[in-house]
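Counting from 1, position 149 in the sequence shown corresponds to residue 149 in the working numbering; the numbering is continuous, with no gaps.
Ideal Cβ placement from N, Cα and C applies to all residues, glycine included.
Read through the structure below, which is laid out as structure tokens, and then see the notes.
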Amino acid sequence: MTTLKYLGGYSPETLQKVQTLIEEDRLAEVLRARYPSVHAIRTDNALYQYAQQLKADFMGKTQPLSRVSYDSKIKVIQHALGQHHYISRIHGGKLKTINEIKIASVFRKAPEAFLKMIVVHELAHFKEKEHNKAFYQLCCHMEPNYHQYEFDLRLYLTYLDLKGDLYV
């Protein structure tokens, strides 16, 4: 039986269904049917514009976004898909705030739904620091399929661990 490290906390029934997909070598088929292609957001600048648009559409006048980038140092193994940083400094008598998001480089070549889920998650941290009910409500406001995308992303990460790249 395969260790399903990205699916901890799901019901035994769900885990068994995933295990069956893996044993029957059908996980790739299911993922490709739901997400047939990868996004075209390859550069940090394009990623910044993408995040900025989501922020403008759903978060109104929150703190400005300083930087958004892909980061090869973020390790998915350590349960980090992305990171957000909120830093306040006094600079010349003025308070300067830096808000940045870093996304694991593995998502440079992934379905757009997964990238959106991660960006939405990190943007939600600008308003809600903890993973509480208000945080997930904000995530679902920005992306109604947030929870489905999160589950499918966990399936995708499981596939990457087992077989490697799905979109060659």
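Check whether residue i and residue j have beta carbons under 8 Å apart
| i | j | result |
| --- | --- | --- |
| Leu115 | Ala124 | no |
| Leu31 | Leu15 | no |
| Tyr146 | Cys140 | yes |
| Thr158 | Leu47 | no |
Pairwise C-alpha distance: residue j and residue i
| i | j | result |
| --- | --- | --- |
| Val106 | Val38 | 12 Å |
| Ile77 | Leu27 | At Ile77 the pLDDT is 49, less than 50, meaning the model places this residue with poor confidence; the figure from the coordinates comes in the next sentence. If you take the alpha carbons of Ile77 and Leu27, they lie about 20 Å apart. |
| Leu160 | Ser72 | 16 Å |
| Tyr70 | Ala51 | 12 Å |
| Met142 | Met117 | 9 Å |
| Asp44 | Gln63 | 20 Å |
| Ile22 | Leu153 | 15 Å |
| Glu24 | Leu155 | 15 Å |
Neighbourhood of residue i by C-beta, 6 Å cutoff - its chain only, sequence neighbours within 5 removed
| i | result |
| --- | --- |
| Arg67 | Glu100 |
As assigned by DSSP and simplified to three states, the class of residue i
| i | result |
| --- | --- |
| Ser69 | strand |
| Glu128 | coil |
| Ala233 | As shown, the chain starts at 1 and ends at 168. That puts residue 233 outside it, with no answer to give. |
| Lys94 | strand |
Beta-ladder partner(s) of residue i, from DSSP
| i | result |
| --- | --- |
| Lys55 | Its beta-bridge partners do not exist; DSSP assigns none. |
| Ala28 | According to DSSP, which records beta bridges pairwise, Ala28 is partnered with nothing at all. |
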